[in-house]
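Visitor: Got a structure for you, questions after.
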Amino acid sequence: MSRFPASVALAAAFVCAWASEAQAADYSVKGPESVSTSTLPRNQGGATGGNLVVPTGRGPYPLIVASHGFQANASNQLGWAQHFASYGFVVVVPSFPGGFSPNHARNGEIIRNLASLYANPATVSPAQGKVDGSRIGLEGHSAGGLASTVAANVMKAGALVLFDPVDNSDLGKRALSTVCSPTLSIFAPPSSCNSQGNWVPFKDTSVGPRTSFRVTGSTHCDGENSGRFLCGLFCGGGANRTRQNHYAHYATAQFLAWLKNDPAAQAELTESALEARQGIEGVSLTSGAACASTPV
């Protein structure tokens with residue numbers, strides 16, 4: 001079974017055929033779109049604040065919700081949001097309530113609320129008129145990956161990207177087992193900050209297409225575009241730009257491949273391309289049926 005839409009299967013095959021002779025795409029660098037960043041209204045969708053990043057072009061663009069991890073906030077995902085937006089995506093970046101006692105199911109609901117809000121053409125915002133509500137992706141780091149998985153399971157999101165996700169009380173394990181969204185999971189080695197890799201044992205249980213790998217030498221903090229001193233202090237080292245280039249490259253490729261049917265991005269997610277990439281290891285790809293419906 002093809003991992004990508006049939007309408008671009010031939011194009012993807014063509015790209016793969018000449019990939020050895022052409023320069024591979026590099027999605028770790030900024031994309032071609034200029035972007036603007038604004039502040040989310042407080043309590044919108046249940047979030048305590050956050051940001052909205054919008055390309056300055058006309059669109060319409062797919063929508064992404066980017067979610068932070070435990071004891072972080074929107075600022076720790078804003079850099080990723082601006083990066084994705086530069087490739088032609090409207091990105092919502094919430095700050096979640098809860099502090100040291102987050103409600104992960106509620107955070108998943110906040111993600112769904114915001115996706116529905118900004119997919120609605122009647123919503124007044126800098127993104128109004130620029131969102132294609134039929135194409136929605138989710139990205140989340142750590143506990144934000146848990147909340148994104150919970151949301152994707154209900155929304156039937158068009159693409160899901162997880163940066164070193166961490167489970168809590170088997171909530172993620174239960175949700176992932178029925179996720180049909182095409183899923184990319186990027187892991188750091190086990191540590192106290194990712195609960196000794198407690199997501200890895202069930203990472204291959206989703207029913208949709210899935211891709212996963214580890215970034216060599218990564219720490220849990222690499223999933224935060226804007227690093228925190230405390231994360232680096234307690235999680236084996238702070239965010240590293242060289243390692244983060246892998247996160248940026250493949251997350252962007254995942255969204256371009258599944259939300260824009262981009263054949264060059266699809267070529268970057270083939271087994272041969274992944275296996276040839278230095279700096280990643282433990283590559284695993286599994287075919288599956290992507291969600292039949294998309295959120296509106």
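Going by our numbering, the first residue of the sequence shown is number 1, and it counts up by one from there.
Yeah, the Cβ is synthetic: ideal placement off N, Cα and C, and Gly gets one too.
No experiment lies behind these values; they were computed from the predicted model shown.
Between Q128 and chain C, is the shortest Cβ-Cβ distance under 8 Å, so that the two count as touching?
Guide: Checking the listed chains, one finds no chain C in this structure; it contains a single protein chain.
Visitor: Can you tell me the Cβ-Cβ gap for I110 and P62, rounded? I've got them flagged as a contact below 8 Å.
Guide: Residue numbering aside, residue 110 sits at position 110 when the sequence shown is read from its first letter. Residue numbering aside, residue 62 sits at position 62 when the sequence shown is read from its first letter. Rounded, the Cβ-Cβ distance is 20 Å, inconsistent with contact.
Visitor: Expressed to the nearest angstrom, what Euclidean distance is found between the alpha-carbon atoms of C180 and G98?
Guide: The residue labelled residue 180 in the question sits at position 180 within the sequence shown. The residue labelled residue 98 in the question sits at position 98 within the sequence shown. The alpha-carbon atoms of C180 and G98 are separated by roughly 28 Å.
Visitor: Label P41 either buried or exposed according to how many other C-beta atoms from any shown protein chain fall within 10 Å of its C-beta, with 16 as the threshold for buried.
Guide: The residue given as residue 41 occupies position 41 in the sequence shown. P41 should be labelled exposed.
Visitor: Taking just the CA atoms, how far does A289 sit from A265?
Guide: Walking along the sequence shown from the start, residue 265 turns up at place 265. Walking along the sequence shown from the start, residue 289 turns up at place 289. If you take the alpha carbons of A265 and A289, they lie about 19 Å apart.
Visitor: How far does the beta strand (DSSP E) with H83 in it extend, from its first residue to its last?
Guide: Within the sequence shown, numbered from 1, the residue matching residue 83 stands at position 83. Per DSSP, H83 belongs to no beta strand (DSSP E); it is in the alpha helix (DSSP H), 75–85.
Visitor: Using the Cα positions of V150 and L176, report the straight-line distance between them to the nearest angstrom.
Guide: Mapped onto the sequence shown, residue 150 falls at position 150. Mapped onto the sequence shown, residue 176 falls at position 176. Cα to Cα, V150 sits roughly 8 Å from L176.
Visitor: Looking at the structure shown, is T149 part of a helix, part of a strand, or coil, going by DSSP?
Guide: Indexing the sequence shown from 1 puts residue 149 at position 149. Helix, per DSSP.
Visitor: Can you give the Cα-Cα distance for C297 and H220, rounded to whole angstroms?
Guide: Within the shown structure, residues of the chain are numbered from 1 to 296, placing residue 297 beyond reach of any answer.
Visitor: Pick from T211, E271, V166, L184: whose alpha carbon is nearest that of P190?
Guide: Against the sequence shown, residue 190 aligns to sequence position 190. The residue with the shortest Cα to Cα distance from P190 is V166.
Visitor: Which residue from V124, A159, R112 puts its Cα closest to that of L250?
Guide: Taking the first residue of the sequence shown as 1, we reach residue 250 at position 250. Per the sequence shown, residue 250 should be read as Tyr rather than Leu. Minimum Cα distance to Y250 is reached at A159.
Visitor: Just verifying my parser: in three-state terms, what is the DSSP assignment at L138?
Guide: Counted from its first residue, the sequence shown places residue 138 at position 138. Looking at L138 - three-state DSSP - the assignment turns out to be strand.
Visitor: First and last residue of the beta strand (DSSP E) that includes P62?
Guide: As a first step, residue 62 must be located in the sequence shown, where it is residue number 62. First-last of the beta strand (DSSP E) with P62: 61–67.
Visitor: Starting from the N-terminal side, write out each stretch of the beta strand (DSSP E) that is 3 residues or longer and does not extend beyond the stretch 187–236.
Guide: Taking only runs of at least 3 residues, the beta strand (DSSP E) segments lying wholly in the stretch 187–236 are 210–215.
Visitor: Please report the residue range of the beta strand (DSSP E) in which T281 lies.
Guide: Walking along the sequence shown from the start, residue 281 turns up at place 281. Looking at the sequence itself, residue 281 is Glu, so the reference to Thr does not match. Element bounds for E281: 280–286.
Visitor: Between G45 and N153, which are expected to be in contact by the criterion C-beta below 8 Å, what is the C-beta distance as a whole number of angstroms?
Guide: On the sequence shown, position 45 is the one that residue 45 refers to. On the sequence shown, position 153 is the one that residue 153 refers to. Actually they do not touch by this definition, with Cβ atoms about 18 Å apart.
Visitor: Indicate whether P102 and A66 have their beta-carbon atoms separated by less than 8 Å.
Guide: By one-based count along the sequence shown, residue 102 stands at place 102. By one-based count along the sequence shown, residue 66 stands at place 66. Cβ atoms of P102 and A66: not closer than 8 Å.
Visitor: With distances taken between CB atoms, is the gap from V93 to F84 smaller than 8 Å?
Guide: On the sequence shown, position 93 is the one that residue 93 refers to. On the sequence shown, position 84 is the one that residue 84 refers to. Their beta carbons are not under 8 Å apart, which means V93 does not touch F84 by this criterion.
Visitor: Just list the residues that DSSP pairs T183 with in beta bridges.
Guide: For the purposes of this step, residue 183 is taken as the residue at position 183 of the sequence shown. DSSP lists L160, R210 as partners of T183.
Visitor: Reducing DSSP to helix, strand and coil, say where S272 ends up.
Guide: The residue you call residue 272 lines up with position 272 of the sequence shown. Helix.
Visitor: By alpha-carbon positions, which one of S226, L146, G232, N240 ends up nearest to W199?
Guide: Numbered from its first residue, the sequence shown carries residue 199 at position 199. Closest by alpha carbon: L146.
Visitor: Could you give the DSSP three-state label for L40: helix, strand or coil?
Guide: Locating residue 40 in the sequence shown gives position 40, counting from the first residue. Coil at L40, not helix or strand.
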